[in-house]
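These notes are about the structure you will find just below.
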Amino acid sequence: MRLENKVIVTCAVTGAIHTPSMSPYLPVTPEQISAAAVGAAEAGAAIVHIHARDPVDGRPDQSIAGFQPIVTALRARTNAVLNITTGGSPFMFVEERILPAAHFKPELASLNMGSFNFGLYPMLQRFQDFRFSWERQLLEDSRDLIFRNTFQDIEYVLTVLRDQGTRFEFECYDVGHLYNLAHFLDRGLVQPPLFVQTVFGILGGIGSHPEDVETMLRTADRLFGDGFFWSALGTGKSQMEIAKLALLEGGFVRVGLEDNLWIGPGQLARSNAEQVNKVRQVIAECGRTLATADEAREMLCLKGAAATSF
Ligand code: KMH
Ligand code: ZN
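Position one of the sequence shown corresponds to residue 3 (the working numbering), numbered consecutively onward.
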């Protein structure tokens, strides 16, 4: 792993996993999503990871029109690196998921490195009252959900976005996904330094035990040597524990309401910035400092905001 004392904090402000009835603080409209991202950047996030939603009912929306007001507002209001999702919702096909990143040509886009079961239905135990029928349905339907990211899908995203100079947040949810990334490295389809985002605690992926973190880090170290920057995200209540483990090992962190709605036991986070501020304290306790957006651009070899199409 490439070691840096500076920490790149990514904040994923809304995602496609949580639903509006789960938290009144989940950003849904373009105004809420862009305000959340600006707030996260002001709190210290160098990168904001963006999804869009239908402003009326909060459904994931991967249309160019859905992203347009968000990226336009962010370009005007923050210097943070905009990372546009190509994961979209795990229920969508890759042709739909790639649309906003192919159109807006961001500096950074997410890329999911393998297919796996994506079980959201355990959240039905915690949340029972939903304002919109699609919310319960989404959780129920995840019993039979495979988040499809075949070699062909990955190669498609890689080649379309690479030709426009977009680099990637490689999302790896299990050990095999690191090997898939190594396969694309061997084929020359991805270039170091790789920005490897290891994801812990999705039902269907690796767990969030410290040994799971160790396994992912050691495997990535063996496969990529000093050719990668490591970042980690823990879902749900594991968020800050995983962040601390990653920070102590020299990694970067991702927080945000996409992956965790909470700020403490039984206490909903009132904003994305609140989680960024919390992880900043952990960063300081670990003797590390925050990377600015421009420092993140330099480390990750990004093309710069001026070269995007928004
Ligand atoms: N919520 C993450 C675990 C993507 O946007 O490409 C999944 C994600 C996928 O971030
Ligand atoms: Zn995402």
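Glycine is no exception: its CB is placed at the ideal position from the N, C-alpha and C atoms. Please read these numbers as outputs of a predicted model, since none were measured by experiment.
message: Counting C-beta neighbours from all protein chains within 10 Å, is the total for Ile-49 16 or more, i.e. buried, or is it exposed?
response: buried
query: Quick one: what's got a C-beta closer than 7 Å to Ile-19's C-beta in the same chain, skipping five residues either side?
result: Excluding sequence positions up to five before and after Ile-19, its CB lies within less than 7 Å of the CB of Leu-122 and Glu-260, all in the same chain and listed in chain order.
field: Continuous beta strand (DSSP E) assignments of at least 3 residues falling wholly in the region 158-219
entry: The DSSP assignment places 169-174 and 196-202 as complete runs of the beta strand (DSSP E) inside the region 158-219, in order along the chain (cut-off: 3 residues).
query: Which residues, in chain order, sit with a beta-carbon under 6 Å away from any heavy atom of the ligand ZN?
result: Residues flagged by the Cβ proximity filter: Ala-14, Gly-17, His-51, His-53, Thr-87, Gly-89, Ser-112 and Glu-260.
- prompt: Which same chain residues, not among the five before or five after Phe-132, have their C-beta less than 8 Å away from its C-beta?
  reply: Thr-21, Ser-23 and Arg-138
- request: Determine, using beta carbons only, whether Ile-52 and Ile-86 come nearer to each other than 7 Å.
  value: yes
query: Does the Cβ of Val-201 lie closer than 6 Å to at least one heavy atom of the ligand KMH?
result: yes
- prompt: Can you check whether the CB of Ile-148 is closer than 7 Å to the CB of Asp-176?
  reply: no
query: Helix, strand or coil: how does DSSP classify Pro-62 here?
result: Reduced to three states, the DSSP call for Pro-62 is strand.
- request: State buried or exposed for Cys-13, treating a residue as buried only when at least 16 other CB atoms are found within 10 Å of its CB.
  value: buried
task: Compare the C-alpha of Pro-267 against each of Thr-310, Gly-17, Gln-241 and Cys-288 and name the closest.
output: Gln-241
message: Is Asn-114 a contact residue of the ligand KMH, with contact defined as CB to any heavy atom under 6 Å?
response: yes
Beta carbon of Ala-47 nearer than 7 Å to that of Val-11: Annotated as proximal: Ala-47 and Val-11, with beta-carbon spacing under 7 Å.
query: Excluding five sequence neighbours on each side, which residues of the same chain lie with their C-beta closer than 6 Å to the C-beta of Asn-182?
result: Met-115 and Gly-116
message: If I measure Cβ to Cβ from Ile-72 and keep anything under 8 Å in the same chain, skipping five residues before and after, which residues do I get?
response: Pro-32, Ile-35, Ser-36, Ala-39, Ile-52 and Ala-54
query: Three or more beta-carbon pairs under 8 Å between the region 269-276 and the region 292-308, yes or no?
result: The region 269-276, when compared against the region 292-308, does not touch it at the 8 Å Cβ threshold.
query: Roughly how many angstroms lie between the CA atoms of Phe-230 and Thr-152, to the nearest whole one?
result: 22 Å
query: Whose C-beta lies closer than 7 Å to the C-beta of Glu-251 among residues of the same chain, with five residues either side of it excluded?
result: Leu-219
Distance, Phe-312 Cα to Leu-76 Cα: 9 Å
- prompt: By DSSP, does Thr-221 sit in helix, in strand, or in coil?
  reply: helix
message: Suppose the cutoff is 8 Å on Cβ atoms and the five residues either side in sequence are ignored; what does the same chain contact list for Thr-237 look like?
response: Val-201, Phe-202, Gly-203, Ile-204, Ser-210, Asp-261 and Asn-262
- request: Pull up the distance between the alpha-carbon of Thr-88 and that of Phe-106, whole angstroms please.
  value: 12 Å
- request: Go ahead and pull the three-state DSSP assignment for Gln-130.
  value: coil
Residues bridged to Lys-8 [DSSP beta-bridge criterion]: Thr-291
Which of helix, strand or coil DSSP assigns to Ile-148: strand
query: Beta-carbon separation of Thr-16 and Pro-29 under 7 Å?
result: Going by C-beta atoms, Thr-16 is nearer than 7 Å to Pro-29.
field: Chain-order list of residues whose beta-carbon lies under 7 Å from that of Pro-92 (same chain, five-residue window excluded)
entry: Phe-120, Leu-147 and Phe-149
- prompt: With respect to 6 Å, is the separation between the Cβ of Glu-173 and the closest non-hydrogen atom of the ligand SAH below this value?
  reply: Of the ligands one can find in the structure shown, namely the ligand KMH and the ligand ZN, none is the ligand SAH.
- request: Could you work out which residue in Cys-174, Thr-161, Gln-166 and Gly-178 is closest to Arg-189 when comparing CA atoms only?
  value: Thr-161
message: Give me, in chain order, the residues of the same chain whose beta-carbon lies closer than 7 Å to that of Pro-212; leave out the 5 immediate sequence neighbours on both sides.
response: Leu-247
query: By a C-beta neighbour count over all protein chains shown, 10 Å radius and 16 as the cutoff for buried, is Cys-174 buried or exposed?
result: buried
Segments of 4+ residues assigned as alpha helix (DSSP H) that fall wholly inside the region 52-125: 66-79, 96-99 and 101-106
- request: Can you tell me which of Arg-224, Gln-277, Leu-180 and Leu-249 puts its alpha carbon nearest to the alpha carbon of Lys-8?
  value: Leu-249
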